[in-house]
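Peer 1:
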Amino acid sequence: MEELTKTTETKQSFIKKLKEGYKKLTPLDHARAKKSGHQWAIIGGALAIGVMFYRGVWYFALFLGAIIWLQYVELRKEKQKIDGIIKMQEQMDQQTNIKNDLDRLEKIGL
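Okay, so the sequence shown: first residue is -2 according to the working numbering, each after it adds one.
#1: What is the DSSP secondary structure of residue 7, counted as helix, strand or coil?
#2: Please classify residue 61 as buried or exposed, where buried requires at least 16 other C-beta atoms within 10 Å of its C-beta.
#3: So, for residue 6: in the same chain, excluding its five sequence neighbours on each side, which residues have a beta-carbon less than 8 Å away from its beta-carbon?
#4: Measure the CB-CB distance between residue 59 and residue 35 and report whether it falls below 7 Å.
#5: Can you tell me where the alpha helix (DSSP H) holding residue 99 begins and where it ends?
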């Protein structure tokens, strides 16, 4: 009975930590994780195509080629999204710096 309680507590604490970590994710973190996933999918698909040609099942390799193309398109989309997020963060930082400068000028009476 104690082991069951420990297991339940462990699961609950794991789920709690997982939710807390997920709340800390930024859109940039999420986009980078998706980009990495697409890269690995392309690598896996390329290896699978090699195996299909080696085994003589070339017609299935055509299907895998289409999947790799779709993964590549999604990868490019994620790269563009990451670039956009970074540019947006830079602009927000510039605006914050301008606001801080204006606040400082107001404090000294200019």
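For each residue, glycine too, the CB sits at the ideal point set by N, CA and C.
This structure is a prediction, so every number in the text was calculated from the model and none was measured.
Peer 2: So, from the listed chains and residues:
#1: helix
#2: buried
#3: none
#4: no
#5: 55 to 104
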